[in-house]
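One structure is given here, and the rest of the page talks about it.
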Amino acid sequence: MNKPKNKTWLLIKDKYFSSQTLSEKDYERGRKLFIADGCFANGVVAITSGVILAGFLEYLGANNVVNGIISGIPNLAGTLLIFSPVILQKVNREKWVVLLFGLIHRFLFALMMSVPLVFTNLTARLVVFVFFLATAHILGSFISPSTVNWLVKLIPEEIRGRYLGLREGIIIIFMALFSFLMALIIDYTKDNGKEMAGYLICSIAILLMAIGNFIFLLNAKEPVTELKKSQVGIRQVLTIPLKDRGFRKILVLSILWNFGLQFGGPYFSIYYYSILRLGYTYIIAIGFAVSLARMIAAQFWGRFADYKGWIFVSKTSILCLGVVHVGYMFLNRETMHIIYPLLTIMGGICWGGVSISIFNIGFEYMPVQDRTSYISFNTAVSSIAGFSGVLAGSLIVSLLQDRIYSFLSIPLSAMQFLFIGSGILLMATSGYIHRFIVKIPI
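Just so you know, the sequence shown maps onto residues 147 to 588 in our numbering.
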């Protein structure tokens with residue numbers, strides 16, 4: 147009686163969860179599907195973070211400090227990633243976990259954007275919103291090491307730089323076009339007194355892309371590894387990476403990078419939307435130019451990394467990004483139509499290198515058989531550092547409040563002090579990479 151059901155399951159397993167060795171065609175198809183997956187996944191990120199998230203929180207009724215703290219919650223969610231390898235070691239194939247949790251992860255984002263339809267009380271709105279946001283990011287963080295490991299196994303070392311540069315470029319251009327479309331819709335509905343309708347359309351778009359993500363990864367085959375997974379408990383996950391002297395350098399790098407970036411990170415979008423009063427469409431339109439610059443730069447950085455190495459690309463791009471952050475001290479309502487596009491485009495060029503180099507720089511210090519544990523531990527530490535940076539920045543904004551200060555005859559708001567501090571910390575991070583991170587044999 148159960149034979150038809152078992153036969154159907156065997157057919158599904160053979161087609162989508164096969165343990166057979168992959169052909170070159172399978173590897174190539176998998177890389178293409180991961181590009182499509184990256185487009186949709188980052189499309190969801192584009193409308194659930196940054197300026198759209200800041201504007202949505204303002205629509206819910208959150209003030210700037212609360213807005214900044216809530217925007218930093220995704221950083222904290224990654225701390226629970228420490229449990230990921232302990233749980234996933236009991237799973238023979240990680241693909242189904244990535245598929246299931248990834249679908250729920252994005253479905254929660256869709257629910258998050260519809261909160262005002264159900265709740266009218268400010269406290270209730272924010273509590274439910276934070277629950278959806280945190281849970282979605284916890285699930286996303288939980289499957290992140292497995293997803294990254296899956297992608298890395300599909301990319302030969304000799305083409306990794308070129309592939310990641312190409313993938314980054316395609317993802318960026320998709321995000322730019324999609325974000326611009328959503329911004330037009332939200333601004334149009336807002337101008338017509340129906341702002342919530344714009345956010346509801348975003349919710350529907352997220353749901354459709356969640357289904358698309360599921361289909362793309364379902365059809366991407368997972369390479370079979372010959373290395374046996376180490377059976378570890380939570381104690382081992384906490385101690386094994388710390389005992390690795392080389393990897394401890396990566397942990398320090400992650401702490402410096404994430405604290406420095408998030409010290410001012412959530413407040414950039416809030417500054418654009420709430421202080422400069424720039425509209426979604428204008429911000430995203432400039433973002434489109436930034437995306438083009440970042441796409442071109444990613445190609446350059448990727449090819450450059452194949453010759454000079456990830457470490458050189460990482461320290462150079464982070465140094466330049468730090469300089470850009472310091473440059474925000476000159477951005478105000480009088481200068482915004484010149485300084486804002488200039489700084490954001492320069493930042494996009496820097497991010498073209500940062501995004502692909504930070505992804506790779508730690509892999510040389512991670513033994514292949516324990517890579518998931520190392521990634522999980524590193525992400526958890528990074529998350530704590532990042533959220534600590536958010537809290538430190540929020541404390542400064544709360545203390546300095548909305549007053550304007552003068553520094554070297556330059557008028558500065560509280561948020562601009564965060565941008566300067568973030569830039570200095572990023573430059574220090576670049577210095578650390580130059581001094582302590584070296585290429586080692588794999």
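C-beta: ideal position from N, C-alpha, C; glycine also.
Report task. Determine the closest residue to residue 429 out of 242, 523 and 333, with distance taken between C-alpha atoms. Result -> Here residue 429 refers to the residue found at position 283 when the sequence shown is read from its first residue. Taking only the C-alpha atoms, the option nearest residue 429 is 333.
Query - Opposing strand residues paired with residue 393 [DSSP bridges] - result: Counting from one through the sequence shown, the residue named residue 393 turns up at place 247. Residue 393 pairs with nothing; no bridge assigned.
Report task. Output yes or no for whether 7 Å exceeds the beta carbon distance between residue 448 and residue 308. Result -> The residue labelled residue 448 in the question sits at position 302 within the sequence shown. The residue labelled residue 308 in the question sits at position 162 within the sequence shown. For residue 448 and residue 308, yes; Cβs fall inside 7 Å.
Requested in this report: Taking only beta-carbon positions, decide if residue 433 is within less than 7 Å of chain D.
Outcome: The structure shown contains no chain D; it holds only a single protein chain.
Query raised in the report: Which word fits residue 269, buried or exposed, when buried means at least 16 other C-beta atoms lie within 10 angstroms of its C-beta?
Result: Counted from its first residue, the sequence shown places residue 269 at position 123. That one is exposed.
Requested in this report: Let me know if residue 483 comes out buried or exposed under the rule of 16 or more other beta-carbons within 10 Å of its beta-carbon.
Outcome: In the sequence shown, counting from the first residue as 1, residue 483 sits at position 337. By the neighbour-count rule (16 or more Cβ atoms within 10 Å), residue 483 is not buried but exposed.
Query - Option in 193, 472, 480 and 228 with minimal Cα separation from residue 493 - result: Within the sequence shown, the letter at position 347 stands for residue 493. Nearest of 193, 472, 480 and 228 to residue 493, Cα basis: 472.
Report task. Using the Cα positions of residue 244 and residue 479, report the straight-line distance between them to the nearest angstrom. Result -> Numbered from 1 along the sequence shown, position 98 holds the residue referred to as residue 244. Numbered from 1 along the sequence shown, position 333 holds the residue referred to as residue 479. So the alpha carbons of these two residues sit roughly 45 Å apart.
Report task. For the alpha helix (DSSP H) containing residue 458, list its first residue and its last residue. Result -> Against the sequence shown, residue 458 aligns to sequence position 312. Taken as a continuous stretch (DSSP letters only), the alpha helix (DSSP H) holding residue 458 covers 456–472.
Query raised in the report: Between which two residues does the beta strand (DSSP E) carrying residue 551 extend?
Result: To locate residue 551, count along the sequence shown from 1; it is residue 405. Here the beta strand (DSSP E) through residue 551 covers 551–553.
Query raised in the report: Between which two residues does the alpha helix (DSSP H) containing residue 291 stretch?
Result: Along the sequence shown, read from residue 1 onward, the residue named residue 291 stands at position 145. Segment 268–300, the alpha helix (DSSP H) holding residue 291.
Query raised in the report: Whose C-alpha, out of 406, 394, 578 and 485, is nearest the C-alpha of residue 565?
Result: For this step, residue 565 is matched to residue 419 along the sequence shown. If we check each option's Cα against that of residue 565, 406 comes out closest.
Query - Buried or exposed by the 16-neighbour rule on C-beta atoms within 10 Å, applied to residue 286 - result: Here residue 286 is taken as the residue at index 140 of the sequence shown, counted from 1. When all chains shown are included, residue 286 counts as buried.
Report task. Please work out which residues of its chain come closer than 7 Å, Cβ to Cβ, to residue 587, disregarding the five sequence neighbours upstream and downstream, and give them in chain order. Result -> Looking up residue 587 in the sequence shown gives position 441. Summary for residue 587: the model assigns pLDDT 47, below 50, so the residue's position carries little reliability; its value from the coordinates is reported in the next sentence. Contacts found: none.
Requested in this report: Go through the stretch 538–578 residue by residue and report every complete run of the beta strand (DSSP E) that reaches 3 residues or more, in order.
Outcome: 551–553 and 556–558
Query - Same chain, Cβ closer than 7 Å to residue 491, five either side skipped, listed in chain order - result: In the sequence shown, residue 491 corresponds to position 345, counting from 1. For residue 491, where only same-chain residues beyond five positions count, the Cβ hits under 7 Å are 435, 436 and 439.
Requested in this report: Determine the closest residue to residue 380 out of 418, 526 and 279, with distance taken between C-alpha atoms.
Outcome: The sequence position of residue 380 within the sequence shown is 234, counting from 1. The shortest Cα separation from residue 380 among 418, 526 and 279 belongs to 526.
Query raised in the report: Roughly how many angstroms lie between the CA atoms of residue 416 and residue 214, to the nearest whole one?
Result: Residue 416 sits at position 270 when you count from the first residue of the sequence shown. Residue 214 sits at position 68 when you count from the first residue of the sequence shown. Cα to Cα, residue 416 sits roughly 8 Å from residue 214.
Query raised in the report: Assuming residue 216 and residue 276 make a contact with CB atoms under 8 Å, what is their CB distance in whole Å?
Result: Within the sequence shown, residue 216 is the residue found at index 70, counting from 1. Within the sequence shown, residue 276 is the residue found at index 130, counting from 1. With a Cβ gap of about 6 Å, residue 216 and residue 276 count as contacting.
Report task. Quick one: grab the DSSP three-state call for residue 336. Result -> The residue you call residue 336 lines up with position 190 of the sequence shown. It is helical.
Report task. Report the three-state DSSP secondary structure of residue 193 (helix, strand or coil). Result -> The residue given as residue 193 occupies position 47 in the sequence shown. In the structure shown, residue 193 sits in coil (DSSP, three-state: anything other than H, G, I, E or B).
Query raised in the report: Taking the Cβ atom as the reference point for each residue, do residue 532 and residue 404 lie within a distance shorter than 7 Å?
Result: Stepping through the sequence shown from its first residue, residue 532 is reached at position 386. Stepping through the sequence shown from its first residue, residue 404 is reached at position 258. Cβ distance < 7 Å, so residue 532 and residue 404 count as in contact.
Report task. Would you kindly report the start and end of the unbroken alpha helix (DSSP H) that includes residue 217? Result -> Position 71 of the sequence shown, counting from 1, holds the residue named residue 217. Its alpha helix (DSSP H) spans residues 210–217.
Query - Integer-rounded CB distance, given that residue 426 should sit under 8 Å from residue 198 - result: Taking the sequence shown and counting its residues from 1, the one referred to as residue 198 is at position 52. Taking the sequence shown and counting its residues from 1, the one referred to as residue 426 is at position 280. Contact holds; Cβ gap of about 7 Å.
Requested in this report: Could you spell out where the alpha helix (DSSP H) holding residue 361 opens and where it closes?
Outcome: Numbered from its first residue, the sequence shown carries residue 361 at position 215. First-last of the alpha helix (DSSP H) with residue 361: 341–364.
Query raised in the report: Among the residues of its own chain, which have a CB less than 6 Å from the CB of residue 528, if the five just before and after it don't count?
Result: Sequence index remark: in the sequence shown, residue 528 carries index 382 (1-based). Counting only Cβ-Cβ distances below 6 Å, and skipping sequence neighbours, we find 400 and 404.
Query raised in the report: Is the CB-CB distance between residue 459 and residue 503 below 7 Å?
Result: Position 313 of the sequence shown holds residue 459. Position 357 of the sequence shown holds residue 503. Closer than 7 Å, so yes.
Requested in this report: Please go through the same chain and pick out, in chain order, the residues whose beta-carbon is closer than 7 Å to the beta-carbon of residue 177, but skip the five residues on each side of it.
Outcome: Mapped onto the sequence shown, residue 177 falls at position 31. Result list for residue 177: 300, 301 and 309, in chain order.
Query raised in the report: So is residue 126 buried or exposed if we call it buried at 16+ other beta carbons inside 10 Å?
Result: Residue numbering for the chain in the displayed model covers 147 to 588; residue 126 lies beyond these limits and cannot be assessed.
Query - Three or more C-beta pairs below 8 Å linking the stretch 361–370 and the stretch 253–261 - result: no
Query raised in the report: Taking Cβ positions, are residue 495 and residue 443 nearer each other than 7 Å?
Result: On the sequence shown, position 349 is the one that residue 495 refers to. On the sequence shown, position 297 is the one that residue 443 refers to. Closer than 7 Å, so yes.
Requested in this report: Just the C-alpha distance for residue 283 and residue 251, rounded to the nearest angstrom, thanks.
Outcome: As a working mapping, residue 283 is identified with position 137 in the sequence shown. As a working mapping, residue 251 is identified with position 105 in the sequence shown. If I take the Cα positions, the gap works out to 7 Å.
Query raised in the report: Cα-Cα, which of 561, 463 and 391 is closest to residue 420?
Result: Taking the sequence shown and counting its residues from 1, one reaches residue 420 at position 274. Here the closest residue by C-alpha is 561.
Query - Selected residue, minimal CA-CA separation from residue 272, among 474, 396 and 207 - result: What you label residue 272 is simply residue 126 of the sequence shown in a count that begins at 1. When each option's Cα is compared against that of residue 272, the closest is 207.
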